[in-house]
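See below for the structure under consideration.
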Amino acid sequence: MNTSVAILGNGPLQHWAAIAAGDSEALQQLVQTLLGPRHPAWILLDAQSERLLGETRMAHPARQIDALFAGRLHGCLQLAEKTPLLHHDAAIGAHLGLALSLFLEARTQQLLNERFRLIAQIGALVATETDLDALLARAADLVHERLAYPNVDIPLYDADRDELVIRFRGGHYKASIQGEDRLPTAQGIMGSAVRERRTQRVNDIANDPRYACPPGVVPARAELAVPIMHGAEVLGVLNVESEHPFDDSDAQSLEIVAEYLGAAIMTARLQAQARQAAVMSERQRLARELHDNVTQLLSSINLIAQSLSSAWQRNPEEGQRRTGRLQELVGLSLVEMRALLRELGPTERNTPGTPAQSDNLLAREQLRRDGLAATIERLARLSAPEGLQLRIDFGGYLAQDPVLEETLLRIAQEAISNAIRHARARRLSIAARVDGGMVELIIGDDGRGIDPRHRHGLGLQHMRDRAAEAGGRMQLQEAQPHGTRVIARVPGRAAPHSESSS
């Protein structure tokens with residue numbers, strides 16, 4: 065114990081805050097300080113024997129010091145020689161155990177944050193980029209940049225020839241391989257992902273007979289191939305390689321990315337058919353659903369993701385709360401995206417000339433279970449930045465027909481998004497009432513108002529269209545002293561056995 069205190073008082077204390085923030089240089093300085101000025105070559109490993117710092121490899125270490133903290137092995141320090149060190153092994157191991165527990169926890173949180181940022185960026189890319197080639201090329205770059213996977217492929221599946229067409233790459237593959245490659249699905253780990261329609265995770269590709277290294281590329285250690293699906297149909301593969309083994313979190317985050325890419329590919333297919341007037345009309349409806357449902361959630365995800373790192377630094381509890389909100393929003397986005405994918409499928413309701421019926425599972429389930437007031441309030445609180453003052457008043461409202469309530473929800477969703485994203489409001493009020501057979505929904509904010517150039521934008525037009533389809537109208541008013549009021553009035557269609565909502 066006295067030795068440990070002496071070490072702490074001899075310099076390393078200044079590095080602990082940086083180590084707890086995931087700074088590898090600070091951890092390396094601590095190791096060197098603990099070993100003394102004339103230390104032998106060393107390598108620091110984690111509990112899974114993965115290299116963290118030091119020599120690239122050490123085939124026959126002469127000495128090993130276990131890094132123990134709170135009764136748990138967090139890694140070890142291997143030395144090339146048995147040279148006497150500045151401090152006892154037990155003291156060095158105790159300090160390294162504490163340091164590794166802090167360092168690895170910070171690295172885990174950093175990786176989680178990067179996964180959330182990747183999902184938010186891919187989602188925003190899917191919602192805004194209309195050129196599929198540009199979207200997939202950028203997606204490959206984002207996967208490489210955010211998660212540091214050295215090799216990334218996003219091949220598309222050619223069902224006619226039963227081949228994967230590889231044109232979109234990231235990382236080393238992008239730099240070293242040019243042009244188009246074709247891979248029969250009977251070969252390779254990516255081919256297995258297509259044939260089996262499930263994720264392939266191989267953490268020792270050197271011993272997997274399916275792996276074939278492209279010419280001129282240094283082989284990695286592990287490969288993760290996620291099929292891009294729409295229902296039971298394979299659209300392509302999201303494939304990454306790494307020097308480190310993949311775990312469940314790696315697979316789950318890339319499966320979410322693959323869901324978004326599947327939506328983008330299906331949307332592109334629909335756009336390719338938009339030469340026919342009926343298909344163009346359907347595409348416009350889907351664009352409205354995408355804007356009203358998924359884009360609003362993705363915008364909220366992006367806002368929270370941008371503030372997550374600073375929140376963790378200020379207050380870990382605040383960071384944990386925001387992480388929870390982010391996870392919930394990602395889950396809601398997946399439900400919305402899957403519902404949209406179902407609408408993209410060839411069903412009777414998509415037949416030209418057949419009225420489109422929304423299959424928005426999230427909205428219908430929440431409205432059925434919680435009612436309009438609670439659903440709108442939950443949406444607003446999930447989307448709201450920290451500090452937004454929210455007031456809900458449904459005292460004069462009676463439950464309406466589910467289809468009408470879904471229309472009111474979508475109008476409210478767009479108005480809330482405009483107030484938060486564009487108007488930068490700090491106060492938001494949402495009220496609804498039934499008066500003389502008319503339902504009135506009012507969303508007011510104290511933001512900077514609507515730019516006159518945007519009064520005919522897509523989101524506002526969607527609100528007008530929805531109100532008109534319900535037999536009513538939507539108005540914009542300037543609030544005093546500043547801000548905006550959105551007022552939607554539609555004929556009421558009371559639900560059976562309706563009761564007042566508050």
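Going by the numbering used here, the first residue of the sequence shown is number 65, and it counts up by one from there. Positions of the beta carbon are idealized from the N, C-alpha and C atoms, including for glycine.
### Query
Is the CB-CB distance between R530 and Q464 below 7 Å?
no
### Query
L206: which of R179, Q477, T192 and M330 sits nearest, CA to CA?
R179
### Query
Which residue's Cα is closest to the Cα of M572: P555, R231, I156 and H546?
A query on residue 572 cannot be resolved here, the shown segment of the chain reaching from 65 to 566 and no further.
### Task
Can you give me the Cβ contacts of S364 inside the same chain, cut-off strictly under 7 Å, excluding the 5 residues immediately before and after it?
L393, L446 and S447
#### Entry: CB of A170 within 7 Å of CB of G86, strictly
yes
### Message
In whole angstroms, give me the CA-to-CA distance for H208 and V216.
### Response
7 Å
### Task
Label E18 either buried or exposed according to how many other C-beta atoms from any shown protein chain fall within 10 Å of its C-beta, with 16 as the threshold for buried.
The question about residue 18 has no answer, for the chain in this structure spans 65 to 566.
### Message
Going by DSSP in three states, L393 sits in which element: helix, strand or coil?
### Response
Residue state, collapsed to three classes: helix.
### Message
By alpha-carbon positions, which one of A479, L443, E227 and E89 ends up nearest to I551?
### Response
A479
### Task
Sort out for me which residues DSSP pairs T548 with in a bridge.
D509 and E542.
#### Entry: Backbone CA spacing between E89 and L99 [nearest angstrom]
When only Cα atoms are considered, E89 and L99 end up about 15 Å apart.
### Query
Under three-state DSSP, which class holds G161?
helix
### Query
Does DSSP classify A244 as helix, strand or coil?
It is Glu, not Ala, that sits at residue 244 in the sequence shown. Three-state result, E244: coil.
### Task
Output the distance between the C-alpha atoms of D510 and L182, rounded to the nearest integer angstrom.
Using only the alpha carbons, I get a separation of about 32 Å.
### Query
Can the beta-carbon of I440 be found closer than 7 Å to that of I507?
Cβ atoms of I440 and I507: not closer than 7 Å.
### Query
Where does the unbroken alpha helix (DSSP H) through D205 begin, and where does it stop?
L196 to L211
### Message
Judging by CA-CA distance, which residue of G435, L462 and L200 is the nearest neighbour of E470?
### Response
G435
### Query
For I218, which three-state DSSP category applies?
coil
### Query
Which value, in whole angstroms, describes the spacing of the CA atoms of E227 and S113?
38 Å
### Query
Looking at the unbroken beta strand (DSSP E) that takes in E584, where does it start and where does it end?
With the chain covering only 65 through 566, there is no way to say anything about residue 584.
### Message
Going by the DSSP bridge assignment, what does H294 pair with across the sheet?
### Response
Residue pairing from DSSP places H294 in a beta bridge opposite E297.
#### Entry: Terminal residues of the alpha helix (DSSP H) in which G255 lies
G252 to E260
### Task
Assign Q173 to buried or exposed, taking buried as 16 or more other Cβ atoms, counted over all protein chains shown, within 10 Å of its Cβ.
buried
### Task
Determine the direct distance from the alpha carbon of R442 to that of N482, and round the result to whole angstroms.
Going from the Cα of N482 to the Cα of R442 covers about 17 Å.
### Message
If I measure Cβ to Cβ from G234 and keep anything under 7 Å in the same chain, skipping five residues before and after, which residues do I get?
### Response
Cβ neighbours of G234 beyond the five flanking positions: A204, D205, V207, H208 and V216.
### Query
Looking at the structure shown, is M401 part of a helix, part of a strand, or coil, going by DSSP?
helix
### Query
Which word fits D280, buried or exposed, when buried means at least 16 other C-beta atoms lie within 10 angstroms of its C-beta?
Note that residue 280 is Gly in the sequence shown here, rather than Asp. So G280 ends up on the exposed side.
### Message
Just to confirm my understanding: we take L431, look at its own chain, exclude 5 residues before and 5 after, and list those with CB closer than 7 Å. What are they?
### Response
T439, P466, E469, E470 and L473
### Task
Since I believe A489 is in contact with F458 (beta carbons under 8 Å), could you give me their beta-carbon distance rounded to a whole number of angstroms?
With 8 Å as the limit, F458 and A489 do not qualify as a contact, their Cβ atoms being about 20 Å apart.
### Rounded straight-line distance, which links the Cα of L137 to that of L143
Whole-angstrom Cα-Cα distance: 18 Å.
#### Entry: Straight-line Cα distance separating A123 from I156
Rounded to the nearest angstrom, the two C-alpha atoms are 22 Å apart.
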